[in-house]
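Heads up, the thing below is written out as structure tokens.
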Amino acid sequence: MCSAKSTALAFTGVLLGCLEMIFSANTAPDTPVIDQAYSKLSNSITVEWRAVPGANNYMLTAQDGDSFVETIVKNSPGTVTGLKPATLYRITVRSINSGGKSQPSPFRKVKTVLAAPILSVHSPSCDSIAVSWKAVHMAAGFSVSLMRSDGLGRKLKQNTTNTSLIFTNLDPGTLYTIRAYAWNANGMPGDDFTYNQSTIPCAPVNISIEEDEPGHLLVSWSSVSLGHYYVVFVKSDDGLEVHCNTSYTQCHFQSDCGFTYFISIFAYNKAGQSPLGDVFNYTTTPCCPSDFRAVFMSSDTVRVTWAPVRGADLYETRAASRSGVLLCRDTATACTLSALQCSTPYNITVFSFSEARGTNTSCAPQYVATAPCSPEIKNVSKEGLSAISVQWQPNNEEATYVVTARGEAGLWHCTSTRNSCTLMDLPCGSAFSVSAIARSPAGQSLPSYSIPLETAPCCPNDLILTQVTQSVTNISWSVGRGAQTYITILESPKGLAKCHTLQTYCLLGCITCGTNYTVSLRAITETGLTSSCTYQGYFSSACCPSGVKLYRLGNNGIRVFWQASDETINYNANLHGSKGNFSCTPSSGLSHCDITKIPCGDVYTVVVAPVTDKGAKLTFCPKKIYSVTCSGSSVGMVIYRGRSNAKHM
């Protein structure tokens with residue numbers, strides 16, 4: 041238990057302590073003193089000082105001219121950040137509590153260190169790394185070091201005043217750590233910069249290219265150390281490029297015939313692409329000719345054509361048969377194979393050749409059969425007026441033969457698979473050249489040698505008979521095509537009349553009047569071919585009467601009298617004089633007729649002629665002249681004055 045005195049002393053002490061605390065809380069702390077200030081990073085300065093009693097915080101100030109940066113820290117040491125590299129700053133420290141801020145400490149001048157160089161790093165080759173950077177303000181030089189990231193090997197270091205350098209003789213495809221910093225004129229190093237970079241892998245080697253099968257290229261190579269994957273680029277000579285991305289050491293590519301391919305291979309890792317190695321080129325075999333066509337020029341000659349193909353410098357055409365092989369080499373896309381055998385099968389192949397790859401032996405042959413051999417006509421014979429049989433020697437299997445008769449009249453054909461055929465409906469009076477050909481699926485033969493053919497002349501279409509006198513008849517006809525001469529014949533039981541002439545008319549004598557004749561004509565060519573032509577029968581006119589006389593009748597009449605050759609024939613009497621023409625026709629069976637009221641004192645020409653079926657009058661019967669005189673008012677005498685040669689009526 042305390043005494044009253046000790047209690048009073050204790051209270052006094054507490055009171056003094058409380059007053060001291062109140063006084064301290066309301067008074068700014070003392071000014072701190074900087075022990076040291078330095079810069080380890082280009083954007084900051086670190087300050088150290090002794091602690092000030094009663095201070096809760098400290099304010100660090102870095103001033104550069106009119107600009108300054110303030111930072112509040114809890115205690116020493118403290119760092120001001122956000123500064124500019126290689127810059128001189130005035131550094132002060134103030135202590136802070138609830139009573140306020142102290143006065144700034146005496147300043148210290150501190151310069152921030154140089155900024156670190158910003159590196160640009162790449163691996164230009166599989167055993168080197170190139171480092172470059174931009175210039176650093178106030179830098180007097182640079183230090184760059186390189187070491188494998190796995191710690192193996194030795195550390196490489198280079199000092200330089202340049203802004204780039206290259207480390208060589210490195211391990212391909214390896215990760216390296218690069219560290220760089222700048223120093224100022226006093227040798228003070230600045231910030232450092234660290235960068236990890238791998239060397240690129242080396243280019244693949246031992247590259248091989250082959251066509252493992254037509255249309256496929258196999259590209260293979262040796263494995264590359266520390267190569268993660270590979271890319272193969274294949275570019276054709278037409279500009280088209282394809283690529284293959286693989287982790288293996290081979291790639292397959294589609295290829296076309298006749299192309300040249302340029303092949304490059306790159307290895308890759310995290311550092312990038314390997315350098316370009318050797319670029320290989322590979323030319324595929326030339327393409328086989330396409331659009332193959334065989335055109336027969338004749339049965340022993342064929343012209344082969346084809347479309348040009350890529351990669352071909354030369355073409356070889358082979359025609360093989362049982363009897364041998366024919367060859368044709370040319371740079372052109374056509375070849376003519378001659379001296380072939382007609383009606384013979386051949387295997388024709390066109391091979392393409394290139395200097396780079398040789399001959400493409402995979403081209404397929406094409407079966408071609410030559411055209412049939414020409415037939416030989418053995419015989420031409422006549423089977424009818426307009427039919428000709430042609431026979432030949434067959435010399436082709438499975439051939440169809442076509443016989444053609446060619447002339448000015450046109451073309452006529454007949455066809456057969458045997459050894460003969462008949463040309464039908466050939467026109468008369470025409471000359472032809474007859475030849476034969478053989479046809480088969482392989483083509484058409486050359487024509488056989490031609491044989492001349494002449495058909496019999498044509499019969500005249502029109503034939504006209506005109507009786508000139510009782511014993512002479514004129515025959516005329518139209519031209520018979522092909523005929524040179526004609527023979528006309530009038531034939532009856534009473535006799536024969538015949539005429540052979542070059543003209544188209546003829547006079548036939550010794551004709552018997554009132555007789556039925558058979559009429560025929562023969563048309564004959566200059567080579568002696570004859571056509572016998574038969575026409576409608578001909579009936580010669582009735583015979584003229586004889587003993588024609590005139591007798592006077594009373595009442596100015598005249599009787600005409602004659603002697604009839606046939607009582608069944610009708611006659612007509614005509615009198616022609618200056619005072620008029622008169623006629624009379626008796627009844628059938630009579631041999632006279634009367635004409636009344638005939639003028640006297642005139643001379644009359646008298647004709648008595650048979651009447652034809654058509655009512656026409658014959659003009660060749662004899663004409664007699666009579667004089668009829670007048671005596672007073674009666675008819676006078678009738679006097680015969682002879683015959684007349686004049687034509688009347």
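This note's numbering numbers the first residue of the sequence shown as 41 and each following residue consecutively. Built from N, CA and C at the ideal position, the CB exists for glycine as well.
Inter-residue spacing [alpha-carbon to alpha-carbon] between P626 and C539: Sequence index remark: in the sequence shown, residue 626 carries index 586 (1-based). Sequence index remark: in the sequence shown, residue 539 carries index 499 (1-based). Approximately 39 Å between the Cα atoms of the pair.
Rounded separation between F302 and C328 - CA only: Numbered from 1 along the sequence shown, position 262 holds the residue referred to as residue 302. Numbered from 1 along the sequence shown, position 288 holds the residue referred to as residue 328. Distance between the alpha carbons of F302 and C328 is about 22 Å.
Reduced DSSP secondary structure (H/G/I, E/B, other) of C284: Against the sequence shown, residue 284 aligns to sequence position 244. In the structure shown, C284 falls within a strand segment according to DSSP collapsed to helix, strand and coil.
Identity of the residue in T509, V245 and F299 nearest R397 by Cα: Taking the first residue of the sequence shown as 1, we reach residue 397 at position 357. Closest in alpha carbon position to R397, among T509, V245 and F299, is F299.
Y235 beta carbon less than 7 Å from that of V176: The sequence position of residue 176 within the sequence shown is 136, counting from 1. The sequence position of residue 235 within the sequence shown is 195, counting from 1. Contact: no.
Helix, strand or coil at L569 according to DSSP, with G and I counted as helix: Mapped onto the sequence shown, residue 569 falls at position 529. Note: L569 maps to coil in three-state DSSP.
K80 (DSSP reduced to helix, strand or coil): As a working mapping, residue 80 is identified with position 40 in the sequence shown. The three-state secondary structure of K80, taken from DSSP, is strand.
Straight-line Cα distance separating V92 from F63: Stepping through the sequence shown from its first residue, residue 63 is reached at position 23. Stepping through the sequence shown from its first residue, residue 92 is reached at position 52. Reliability fails at F63, whose pLDDT of 44 lies under 50, so the model's placement of it is uncertain and no value is given.
V120 beta carbon near the ligand MN (any heavy atom closer than 6 Å): Annotation note on the ligand MN: not contained in the displayed structure, which lists no ligands.
Minimum length 3: unbroken beta strand (DSSP E) runs contained in the stretch 294-382: Here the runs fully enclosed are 300-309, 320-323, 330-338, 341-347, 354-361, 364-370 and 374-377.
CB contact flag (V442, V430, <7 Å): Mapped onto the sequence shown, residue 442 falls at position 402. Mapped onto the sequence shown, residue 430 falls at position 390. No, they are not a contact pair.
Residue of N202, A379 and T645 minimising C-alpha distance to A180: The residue labelled residue 180 in the question sits at position 140 within the sequence shown. When each option's Cα is compared against that of A180, the closest is N202.
Whole-angstrom distance between A582 and A670, CA atom to CA atom: The sequence position of residue 670 within the sequence shown is 630, counting from 1. The sequence position of residue 582 within the sequence shown is 542, counting from 1. A small fix is needed here, since residue 670 is Cys in this sequence, not Ala. Using only the alpha carbons, I get a separation of about 36 Å.
Spatial distance of G597 from N614 (CA atoms): Looking up residue 597 in the sequence shown gives position 557. Looking up residue 614 in the sequence shown gives position 574. Taking the straight line from one Cα to the other gives about 14 Å.
Whole-Å CB distance - P348 paired with T373, under 8 Å assumed: Indexing the sequence shown from 1 puts residue 348 at position 308. Indexing the sequence shown from 1 puts residue 373 at position 333. Contact between P348 and T373 holds, since their C-beta atoms are separated by about 5 Å, short of 8 Å.
Length-filtered (3 minimum) beta strand (DSSP E) runs lying within the stretch 575-627: If we require 3 residues or more, the beta strand (DSSP E) runs fully inside the stretch 575-627 come out as 586-593, 597-603, 611-617 and 620-624.
C-beta atoms of P241 and S189 nearer than 7 Å: As a first step, residue 241 is located in the sequence shown; it is residue number 201 there, counting from the start. As a first step, residue 189 is located in the sequence shown; it is residue number 149 there, counting from the start. Taking 7 Å as the Cβ cut-off, P241 and S189 do not qualify as a contacting pair.
Residue from T214, R134 and W173 whose Cα sits closest to the Cα of D167: Translated into the one-based positions of the sequence shown, residue 167 becomes position 127. The candidate whose alpha carbon is nearest that of D167 is T214.
Touch test, the stretch 559-572 against the stretch 591-610, Cβ-Cβ under 8 Å, three pairs minimum: Short answer: they don't touch.
Three-way DSSP call (helix, strand, coil) for M187 in this model: Taking the first residue of the sequence shown as 1, we reach residue 187 at position 147. DSSP places M187 in strand when its eight states are reduced to three.
Neighbour-count burial assignment, T457, 16 or more Cβ in a 10 Å radius: By one-based count along the sequence shown, residue 457 stands at place 417. Exposed, by the Cβ-count rule.
Beta-carbon spacing of P146, F182 below 7 Å: For the purposes of this step, residue 146 is identified with residue 106 of the sequence shown, where counting begins at 1. For the purposes of this step, residue 182 is identified with residue 142 of the sequence shown, where counting begins at 1. Contact flag unset, no.
Assigned secondary structure, T234 (DSSP; H/G/I helix, E/B strand, else coil): Your numbering for residue 234 matches position 194 in the sequence shown. T234 falls in the strand class under three-state DSSP.
Beta carbon of T525 nearer than 7 Å to that of L561: Locating residue 525 in the sequence shown gives position 485, where the first residue counts as 1. Locating residue 561 in the sequence shown gives position 521, where the first residue counts as 1. Judged by their CB atoms, T525 and L561 are not nearer to each other than the 7 Å cut-off.
For Q710, the first and last residue of its enclosing beta strand (DSSP E): Missing from the structure shown is residue 710; the chain here goes from 41 to 689 and no further.
Unbroken beta strand (DSSP E) run spanning W452, endpoints: Counted from its first residue, the sequence shown places residue 452 at position 412. First-last of the beta strand (DSSP E) with W452: G450 to S456.
Close beta carbons around I679, own chain, < 6 Å, minus the five adjacent residues each side: For this step, residue 679 is matched to residue 639 along the sequence shown. In chain order, S667 place their CB closer than 6 Å to the CB of I679, counting only its own chain and leaving out the 5 sequence neighbours on each side.
Residue environment, S46, which counts as buried when at least 16 other CB atoms sit within 10 Å: Stepping through the sequence shown from its first residue, residue 46 is reached at position 6. Residue placement at S46 is poorly supported in this model, since its pLDDT is 46, which falls under 50; the coordinates still yield a value, given next. When all chains shown are included, S46 counts as exposed.
H256 - partner residues in DSSP beta bridges: Working through the sequence shown from its first residue, we reach residue 256 at position 216. H256 is bridged to E253 and Q294.
Span of the beta strand (DSSP E), counted from its first residue to its last, around K418: On the sequence shown, position 378 is the one that residue 418 refers to. E416 to K422 is the extent of the beta strand (DSSP E) around K418.
Cutoff 7 Å; reference E438; Cβ partners in own chain excluding five residues on either side: Here residue 438 is taken as the residue at index 398 of the sequence shown, counted from 1. Here the set comprises S480.
Neighbour-count burial assignment, L380, 16 or more Cβ in a 10 Å radius: The residue given as residue 380 occupies position 340 in the sequence shown. Looking at its Cβ environment, which holds 16 or more other Cβ atoms inside 10 Å, L380 is buried.
Touching by the beta-carbon criterion (3+ pairs, under 8 Å), the stretch 131-139 and the stretch 92-111: Cβ pair count under 8 Å is three or more, so yes.
Proximal residues to Y386 (C-beta, below 6 Å), its chain only, five neighbours per side dropped: Position 346 of the sequence shown holds residue 386. These residues qualify, in order along the chain: A359, S361 and V408.
Start-to-end residues for the beta strand (DSSP E) that takes in Y441: Counted from its first residue, the sequence shown places residue 441 at position 401. Its beta strand (DSSP E) spans residues T440 to G447.
Beta-carbon proximity check, A427 vs G483, cutoff 7 Å: For the purposes of this step, residue 427 is taken as residue 387 along the sequence shown, with counting starting at 1. For the purposes of this step, residue 483 is taken as residue 443 along the sequence shown, with counting starting at 1. Contact annotation: A427 and G483 have beta-carbon atoms that are not nearer than 7 Å.
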